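Asker: Quick one: the structure is below, questions incoming.
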Amino acid sequence: MSQFTRRNFLKVTGAAAAATTALGYSTFAIGGASKKVVIVGGGIGGVTAAKYIKMMDKSIDVTLIEANKDYYTCFMSNEVLGGERSIDSIHFGYGGLAKHGVKVVHDWVTGIDAGKRVVKTKGGKSFGYDRCIVSPGIDFRWDTIEGYDAKVAEKIPHAWKAGSQTVTLRKQLEAMKNGGTVIIAPPPNPFRCPPGPYERASLIAAYLKKHKPKSKIIILDPKDKFSKFGLFTEAWKRHYGYGTGNSMIEWVSGSKGGKIESVDPATMTVQADVEAFKGDVLNIIPAQKAGKIAFDAGLTNDKGWCPIDGKTFESTMHKNIHVIGDASVASPLPKSGYAANSEAKVCAAAVVGVNNPHLTAAPSTLCENLCSSLSWIDFDVGDLAHGYTYCCSSCR
């Protein structure tokens, strides 16, 4: 992957005009026959890329293929768990893409033939492309925790893909008795939204403090430190007595036995390195990898993620295919919605500029991340650790 640092990143604005002006151009057209871009995956990255390609060059034929008709943002889903917003408030459809001229196909992608430049779907259709952008999101390494798999996750949700599991976990919290125990098990690095599990603990704690003050949250962590460690622990001390014998939140680090080995759904017990923990509500977030289609298409490395050229997000495994979002190896950017949004704009500029030699300015200078978290909520004082990220304007 080409090296790039935060220092040479420039902020991408929310308008396509600003992005293209930063490259030195407004709108432009690829000469000759209409070019085809097929985008696989309708998350933040895929939708943003589709929208911005069409905004930069309306002559490009853009097709986005996504299995689901409804999209729920992972960012802000922790607020649903804390009772601060409804699940409907993080729900988006794909109708807004039509006004930009993007074709949306709801189907499962079963394969990508890099040699023939064809995307194939479960419905039996084939889509030829000049460039393909894959935004597959994440999948889970179900083999890392004994007793925990996709079926068990319907009862003991990870809720790391927002939607029905978010609702399930919220209902479990509402049904839990006052004095109950919530166990949250974050995954090892790297994973989607590094501050997310701790933000989740904070917002659940805010709910419990008001409605079930005798309750407790135990975080069983395979790591010895986590994103925004100082900010979260400071907030926990201020609001939940962290570090005292009466703390609502207890964090068990990896070196102190926090790594979980197995889950017993029948007894709601988690076996960690040193001891077993029994909870009333379990939230197990497994280790992660790139989404399935990335593996099927041969876009992953031996660590389960997709290596890319940081200037264009083109895959280093297959030419003419770009990978953006959580699945890509885009260090130093974390796996976040905001990063996916920025990566999509960089990728869109690169794709549009393929047949435009004058657009050789390194598009990675447009890429940045703003990954911030809600560390606590009070009804009287709304404190933020460092603001909050919202980047779903592309979905509208």
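Going by this note's numbering, the first residue of the sequence shown is number 1, and it counts up by one from there. Backbone N, C-alpha and C define an ideal beta-carbon position, used for all residues, glycine too. Since the structure is predicted, the reported quantities are computational estimates derived from the model, not experimental observations.
(1) Are the beta-carbon atoms of K125 and D113 separated by less than 8 angstroms?
(2) Considering only the beta carbon of each residue, do G137 and G291 sit closer than 8 angstroms?
(3) Taking R141 as the reference, which of P187, I324 and K69 has the closest Cα?
(4) Distance, Cα to Cα, G241 vs M76?
(5) Let's see if you can read the secondary structure: which residues bound the alpha helix (DSSP H) around N341?
(6) Measuring alpha carbon to alpha carbon, tell me which residue in A67, A287 and V38 is nearest C193.
(7) Assign Y207 to one of three DSSP states: helix, strand, or coil.
(8) Please determine, among G82, G310, E343 and V274, the residue with the shortest C-alpha to C-alpha distance to L169.
(9) Please state if the CB of I284 and the CB of I204 are separated by a distance shorter than 8 angstroms.
(10) Starting from the C-beta of I324, find all residues in its chain whose C-beta is less than 7 angstroms away, skip the five residues before and the five after it, and write them out in chain order.
(11) Is it buried or exposed, A185, if we count other Cβ atoms within 10 angstroms and call 16 or more buried?
(12) Expressed to the nearest angstrom, what Euclidean distance is found between the alpha-carbon atoms of K224 and I183?
(13) How far does the alpha helix (DSSP H) with S262 in it extend, from its first residue to its last?
(14) Report yes if the CB atom of T181 is closer than 8 angstroms to the CB atom of G279, and no otherwise.
(15) Could you name the residues that DSSP lists as bridge partners for W251?
(16) Determine, using beta-carbon pairs with one atom in the stretch 249 to 265 and one in the stretch 212 to 219, whether at least three such pairs fall under 8 angstroms.
(17) With a floor of 3 residues, list each beta strand (DSSP E) that falls wholly inside the stretch 70 to 139, ordered by position along the chain.
(18) Do you know offhand how far V40's Cα is from I65's?
(19) What separation, rounded to the nearest whole angstrom, lies between the Cα atoms of A294 and T300?
(20) To which residues of the same chain is E146 closer than 7 angstroms at the C-beta, ignoring the five residues directly before and after it?
(21) What separation, rounded to the nearest whole angstrom, lies between the Cα atoms of T267 and V274?
(22) Between which two residues does the alpha helix (DSSP H) containing S168 stretch?
(23) Which word fits H318, buried or exposed, when buried means at least 16 other C-beta atoms lie within 10 angstroms of its C-beta?
(24) Closest by CA to A159, which one among A349, M55, H211 and V80?
(25) Among P197, G42 and G230, whose alpha-carbon lies nearest the alpha-carbon of V104?
(26) Leaving out the 5 sequence neighbours to the left and right, which residues in its chain are closer than 7 angstroms to I53 when beta-carbon positions are compared?
(27) Ends of the beta strand (DSSP E) at F313?
(28) Between L220 and V270, how many whole angstroms is the CB-CB distance? I'm expecting something under 8 angstroms.
(29) Could you pull out every residue in the same chain whose Cβ sits closer than 6 angstroms to the Cβ of K212, ignoring the five residues on either side in sequence?
(30) I87 and V167: beta carbons closer than 8 angstroms?
(31) What's the call for P195, buried or exposed, on a 16-neighbour Cβ count within 10 Å?
(32) Taking G304 as the reference, which of A67, L97, P190 and M56 has the closest Cα?
(33) Quick one: Cα of H322 to Cα of G93, how far?
(34) With distances taken between CB atoms, is the gap from S202 to F232 smaller than 8 angstroms?
(35) To which residues of the same chain is G32 closer than 6 angstroms at the C-beta, ignoring the five residues directly before and after it?
Answerer: The relevant details are as follows:
(1) Start at 1 with the first residue of the sequence shown, and residue 125 comes out as number 125. Start at 1 with the first residue of the sequence shown, and residue 113 comes out as number 113. Against a cut-off of 8 angstroms, the Cβ pair of D113 and K125 comes out as no contact.
(2) The sequence position of residue 137 within the sequence shown is 137, counting from 1. The sequence position of residue 291 within the sequence shown is 291, counting from 1. With contacts defined by Cβ atoms closer than 8 angstroms, G137 and G291 form a contacting pair.
(3) Taking the first residue of the sequence shown as 1, we reach residue 141 at position 141. When C-alpha distances from R141 are compared across P187, I324 and K69, the shortest belongs to P187.
(4) Indexing the sequence shown from 1 puts residue 241 at position 241. Indexing the sequence shown from 1 puts residue 76 at position 76. Between G241 and M76, the C-alpha separation is close to 25 angstroms.
(5) The sequence position of residue 341 within the sequence shown is 341, counting from 1. Segment G337 to V352, the alpha helix (DSSP H) holding N341.
(6) Walking along the sequence shown from the start, residue 193 turns up at place 193. With distances taken between Cα atoms, C193 lies closest to A287.
(7) As a first step, residue 207 must be located in the sequence shown, where it is residue number 207. Looking at Y207 - three-state DSSP - the assignment turns out to be helix.
(8) Locating residue 169 in the sequence shown gives position 169, where the first residue counts as 1. Comparing Cα positions, the closest option is G82.
(9) The count along the sequence shown starts at 1 and reaches residue 204 at position 204. The count along the sequence shown starts at 1 and reaches residue 284 at position 284. Against a cut-off of 8 angstroms, the Cβ pair of I284 and I204 comes out as no contact.
(10) As a working note, residue 324 is residue 324 in the sequence shown. These residues qualify, in order along the chain: G45, A49, I133, S135, F313, A340, E343, A344 and C347.
(11) Translated into positions along the sequence shown, residue 185 becomes position 185. When all chains shown are included, A185 counts as buried.
(12) Position 224 of the sequence shown, counting from 1, holds the residue named residue 224. Position 183 of the sequence shown, counting from 1, holds the residue named residue 183. Residue 224 is actually Asp in this sequence, not Lys. Distance between the alpha carbons of D224 and I183: 17 angstroms.
(13) Reading the sequence shown from its first residue, position 262 is the one you call residue 262. That residue, S262, is in no alpha helix (DSSP H); its beta strand (DSSP E) goes I260 to D264.
(14) Here the question's residue 181 lines up with position 181 in the sequence shown. Here the question's residue 279 lines up with position 279 in the sequence shown. Contact flag set, yes.
(15) Along the sequence shown, one-based indexing puts residue 251 at 251. Paired residue(s): I219.
(16) yes
(17) 103 to 105, 109 to 113, 118 to 121, 126 to 128 and 131 to 134
(18) Start at 1 with the first residue of the sequence shown, and residue 40 comes out as number 40. Start at 1 with the first residue of the sequence shown, and residue 65 comes out as number 65. Going from the Cα of V40 to the Cα of I65 covers about 5 angstroms.
(19) Your numbering for residue 294 matches position 294 in the sequence shown. Your numbering for residue 300 matches position 300 in the sequence shown. Near 6 angstroms, if we compare the C-alpha coordinates of T300 and A294.
(20) By 1-based counting over the sequence shown, the position of residue 146 is 146. The residues E261 and S262, in chain order, have a CB closer than 7 angstroms to that of E146 in the same chain once the five nearest residues on each side in sequence are set aside.
(21) Numbered from 1 along the sequence shown, position 267 holds the residue referred to as residue 267. Numbered from 1 along the sequence shown, position 274 holds the residue referred to as residue 274. Using only the alpha carbons, I get a separation of about 18 angstroms.
(22) Along the sequence shown, read from residue 1 onward, the residue named residue 168 stands at position 168. Here residue 168 is Thr; the residue named in the question, Ser, does not match the sequence. Start and end: S164 to A175.
(23) Residue mapping note: residue 318 aligns to position 318 of the sequence shown, counting from 1. Buried: at least 16 other Cβ atoms inside 10 Å.
(24) Taking the sequence shown and counting its residues from 1, one reaches residue 159 at position 159. With distances taken between Cα atoms, A159 lies closest to V80.
(25) Stepping through the sequence shown from its first residue, residue 104 is reached at position 104. Here the closest residue by C-alpha is G42.
(26) Translated into the one-based positions of the sequence shown, residue 53 becomes position 53. Excluding residues within five positions, the ones whose Cβ falls inside 7 angstroms are V37, I60, V62, A348, V351 and V352.
(27) Within the sequence shown, residue 313 is the residue found at index 313, counting from 1. If you look at F313, you'll find it isn't in any beta strand (DSSP E); DSSP assigns it neither H nor E.
(28) Position 220 of the sequence shown holds residue 220. Position 270 of the sequence shown holds residue 270. Contact holds; Cβ gap of about 6 angstroms.
(29) Along the sequence shown, one-based indexing puts residue 212 at 212. For K212, where only same-chain residues beyond five positions count, the Cβ hits under 6 angstroms are N178.
(30) Within the sequence shown, residue 87 is the residue found at index 87, counting from 1. Within the sequence shown, residue 167 is the residue found at index 167, counting from 1. Cβ distance < 8 angstroms, so I87 and V167 count as in contact.
(31) What you label residue 195 is simply residue 195 of the sequence shown in a count that begins at 1. Buried.
(32) Along the sequence shown, one-based indexing puts residue 304 at 304. For G304, the closest alpha carbon among the candidates A67, L97, P190 and M56 is that of P190.
(33) On the sequence shown, residue 322 is found 322 positions in, with the first residue counted as 1. On the sequence shown, residue 93 is found 93 positions in, with the first residue counted as 1. Approximately 24 angstroms between the Cα atoms of the pair.
(34) Reading the sequence shown from its first residue, position 202 is the one you call residue 202. Reading the sequence shown from its first residue, position 232 is the one you call residue 232. Yes, Cβ-Cβ distance for S202 and F232 is below 8 angstroms.
(35) For the purposes of this step, residue 32 is identified with residue 32 of the sequence shown, where counting begins at 1. In this predicted model, G32 has a pLDDT of only 48, less than 50, meaning its place in the structure is not dependable enough to derive any value.
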